[in-house]
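Everything on this sheet refers to the single structure shown next.
In the numbering used here, the protein residues as written are 240 to 334.
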């Protein structure tokens, strides 16, 4: 269990990060550079792949290069489109 004093010290940093992510999300969503569903899908996809890479590095002591991760994200985006994420197809057309 985490000591309450430690937790209260860490919490403001977590809050600032959360606020920055929330602000970025709001700004990105309101610029309308792409359809809203496409943006939501790509953010989920990138977040998922970054999380998997984090776990790979932490638990398996393995890492992929940035270029490989980008390639995996693109392959996964194509798979999502094939599975029916039609709004994500917008981004694939931009390549």
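Idealized CB from N, CA, C, for every residue including glycine. Values in this document were obtained by computation on a predicted structure and should not be read as measured data.
query                                                                                                     : result
As assigned by DSSP and simplified to three states, the class of residue 272                              : coil
Helix, strand or coil at residue 324 according to DSSP, with G and I counted as helix                     : coil
Length of the line joining the Cα atoms of residue 241 and residue 318                                    : Because residue 241 carries a pLDDT of 45, less than 50, the predicted location of this residue cannot be relied on, and no value is offered for it.
Counted within 10 angstroms of its Cβ, other Cβ atoms place residue 316 as buried (16 or more) or exposed : buried
Proximity below 9 Å, CB of residue 279 to CB of residue 329                                               : no
CB contact flag (residue 301, residue 295, <9 Å)                                                          : yes
Buried or exposed (CB count within 10 angstroms, at least 16 for buried), residue 347                     : The question about residue 347 has no answer here: the residues shown for the chain are numbered 240 through 334.
Three-way DSSP call (helix, strand, coil) for residue 304 in this model                                   : coil
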